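In what follows, a structure is listed as structure tokens, so that the remarks can point back to it.
In my numbering, the protein residues as written are 8 to 183.
Below, the structure written as structure tokens:
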């Protein structure tokens, strides 16, 4: 082998690798808090969408079947006794249940972790024309039933779902 035909060694030096790792660490330090906030916002949005879906389902079933549909919300301490809900003692989750008014088998059962409306069970009933009987949920007869969902983080605004006596379901962003 002659001196002019030597192959050049290819690769990274230790300094180049350390600089690359340092840049990656800085990016990770910046991204982790933003990602945690993203996850909290997604959890809240998921709970809001799940409750809107359950309420809309109950209203549409009441209209379709021409029978009242009851939506019952149970606080975390009463959730473990609810049929069809897995009791997880680590998380404080509210339960909801959609069924025909007057009892019967549950048509939909679920959980939502972020409900902070009140500390006792409440319910509302969708009538066969789509209107809502919110007497058990609302303090005043003309005031809407409000279900507030508050995230675990203080930097994310709570969301309130308002169900009117007409049966309409509105999402309201609550000011912090």
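Every residue, glycine too, gets a C-beta built ideally from N, C-alpha and C.
What you are looking at is a predicted structure, and each value in this text was computed from that prediction instead of being measured.
*Which residues mark the beginning and the end of the beta strand (DSSP E) in which residue 155 is found?*
Translated into the one-based positions of the chain shown, residue 155 becomes position 148. That run of the beta strand (DSSP E) goes 152-156.
*Out of 150, 134, 121 and 77, point me to the one whose CA is closest to residue 115's CA.*
One-based indexing of the chain shown puts residue 115 at position 108. Residue 115 has its Cα closest to that of 77, out of 150, 134, 121 and 77.
*Measuring CB to CB, does residue 130 end up less than 9 Å from residue 143?*
In the chain shown, counting from the first residue as 1, residue 130 sits at position 123. In the chain shown, counting from the first residue as 1, residue 143 sits at position 136. Cβ atoms of residue 130 and residue 143: closer than 9 Å.
*Whose C-alpha, out of 47, 156, 132 and 27, is nearest the C-alpha of residue 70?*
Translated into the one-based positions of the chain shown, residue 70 becomes position 63. Residue 132 is the option with its Cα nearest to residue 70.
*asked:* Distance check for residue 36 and residue 150, CA to CA, integer angstroms please.
replied: As a working note, residue 150 is residue 143 in the chain shown. As a working note, residue 36 is residue 29 in the chain shown. Going from the Cα of residue 150 to the Cα of residue 36 covers about 46 Å.
_Less than 9 Å between the beta carbons of residue 119 and residue 58, yes or no?_
Start at 1 with the first residue of the chain shown, and residue 119 comes out as number 112. Start at 1 with the first residue of the chain shown, and residue 58 comes out as number 51. Taking 9 Å as the Cβ cut-off, residue 119 and residue 58 qualify as a contacting pair.
_Boundaries (first-last residue) of the beta strand (DSSP E) holding residue 104_ = The count along the chain shown starts at 1 and reaches residue 104 at position 97. Residue 104 -> beta strand (DSSP E) spans 101-107.
*Using the Cα positions of residue 94 and residue 75, report the straight-line distance between them to the nearest angstrom.*
Along the chain shown, read from residue 1 onward, the residue named residue 94 stands at position 87. Along the chain shown, read from residue 1 onward, the residue named residue 75 stands at position 68. Residue confidence is low: residue 94 scores 49 on pLDDT, short of 50, so the model does not pin down where it sits. No coordinate-derived value is stated.
*Per DSSP, which residues does residue 177 bridge with? Please list them.*
One-based indexing of the chain shown puts residue 177 at position 170. BP columns for residue 177 point to 169.
*So what's residue 189 in DSSP terms, helix, strand or just coil?*
What is shown of the chain runs 8 to 183, which leaves residue 189 out entirely.
_Helix, strand or coil at residue 61 according to DSSP, with G and I counted as helix_ = For the purposes of this step, residue 61 is taken as residue 54 along the chain shown, with counting starting at 1. Looking at residue 61 - three-state DSSP - the assignment turns out to be helix.
*Secondary structure at residue 135, three-state DSSP: helix, strand or coil?*
Position 128 of the chain shown holds residue 135. Reduced to three states, the DSSP call for residue 135 is coil.
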